[in-house]
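Residue numbers for the sequence shown follow my numbering, so the first one is 17 and each next one is one higher. Ideal placement from N, C-alpha and C gives every residue a C-beta, glycine not left out. What follows is a single structure, written as structure tokens, with notes after it.
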Amino acid sequence: YHTDHTGGLPEILFALRNPRYAGRGPLRLVGAPGLADLLQGIRRAWPRWTEPSGFALDLREIGPGTLELDGAVVTAVPVEHTAASLAYRVRETATGAVAAFSGDADTCPGLAEVARDADLFVCEAAFPEAHRTPGHLTPRLAAEAAAAARCRTLCLTHFYPECTGHDLLAEARAAFAGEIVLAHDLLAFALPRP
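See below:
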């Protein structure tokens, strides 16, 4: 629940209060244990502006394990970063397509577990190899996890400023032969990938 992963939540809650969204379906928020506490803190900071108005809020906390949710099976797997850090594996029931998301993580068995044979593995690569920082991955380490998992496509994301000027693709290609994509705003994937 670091701010770089949750900072947009107050803005979303505020924006959805706009009358143009009245009558919309519920906003479902699913996250690791502690999500309800985070939401209470946001509501204390902006009591009037972050309360749902014109829509319902469906809050679900999930710990390690599996949950069926809207035509998908979501599996949460502990990863090394903080005591509450989880990676997520989402398998669409109808097609069998699998997308995995590392969240913030360091090297650990959970990464290969969550990304095993995934069509897409979205994995943090916060720092280039030259600036390796405990608790985070580099492109090479993310690629090693992708290779161990035998996933099809690796999408590197969560780039800190130290990544500027480094050839992140080259670092990752040294350890993973599959497709590698650098994340950018509004990037979308169709799954399953051909």
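Figure out for me which residue from the options has the closest Cα to the Cα of residue i.
{"i": "V46", "options": "F71, T19, R64 and E84", "result": "E84"}
{"i": "C179", "options": "V95, G194, F143 and R189", "result": "F143"}
{"i": "G2", "options": "R105, L75 and L207", "result": "Within the shown structure, residues of the chain are numbered from 17 to 210, placing residue 2 beyond reach of any answer."}
{"i": "A204", "options": "A115, A38, V95 and P49", "result": "A115"}
{"i": "H97", "options": "A134, A113, Y17 and A88", "result": "Y17"}
{"i": "C139", "options": "P42, H152, H182 and L172", "result": "L172"}
{"i": "F30", "options": "H21, P49, T19 and L73", "result": "L73"}
Using three-state DSSP, classify residue i as helix, strand or coil.
{"i": "V95", "result": "coil"}
{"i": "C179", "result": "helix"}
{"i": "G57", "result": "helix"}
{"i": "L43", "result": "strand"}
{"i": "G126", "result": "helix"}
{"i": "E67", "result": "coil"}
{"i": "L207", "result": "coil"}
Terminal residues of the continuous alpha helix (DSSP H) containing residue i?
{"i": "A188", "result": "L184 to R189"}
{"i": "L157", "result": "P155 to A165"}
{"i": "T22", "result": "T19 to T22"}
{"i": "E27", "result": "L25 to A31"}
Measure the C-alpha to C-alpha separation of residue i and residue j and round it to an integer number of angstroms.
{"i": "R132", "j": "R189", "result": "19 Å"}
{"i": "T91", "j": "P80", "result": "7 Å"}
{"i": "L217", "j": "Y37", "result": "Because the chain spans 17 through 210 in this model, residue 217 falls outside it and cannot be assessed."}
{"i": "T111", "j": "D86", "result": "13 Å"}
{"i": "E77", "j": "L51", "result": "6 Å"}
{"i": "A134", "j": "R107", "result": "9 Å"}
Going by DSSP, what residue range makes up the beta strand (DSSP E) through residue i?
{"i": "D74", "result": "L73 to E77"}
{"i": "L83", "result": "G81 to L85"}
{"i": "F137", "result": "L136 to E140"}
{"i": "T169", "result": "T169 to T173"}
{"i": "A103", "result": "L102 to E108"}
**Message:** I'd like to know if the region 65-77 and the region 97-113 are in contact, where contact means that at least 3 CB-CB pairs between them fall below 8 Å.
**Reply:** In this structure the region 65-77 does not lie against the region 97-113, because fewer than three pairs of beta carbons, one per stretch, are closer than 8 Å.
**Request:** For the region 172-191 and the region 121-135, state whether three or more C-beta atom pairs, one from each stretch, are separated by less than 8 Å.
**Result:** Between the region 172-191 and the region 121-135 there are fewer than three C-beta pairs closer than 8 Å, too few to call the two in contact.
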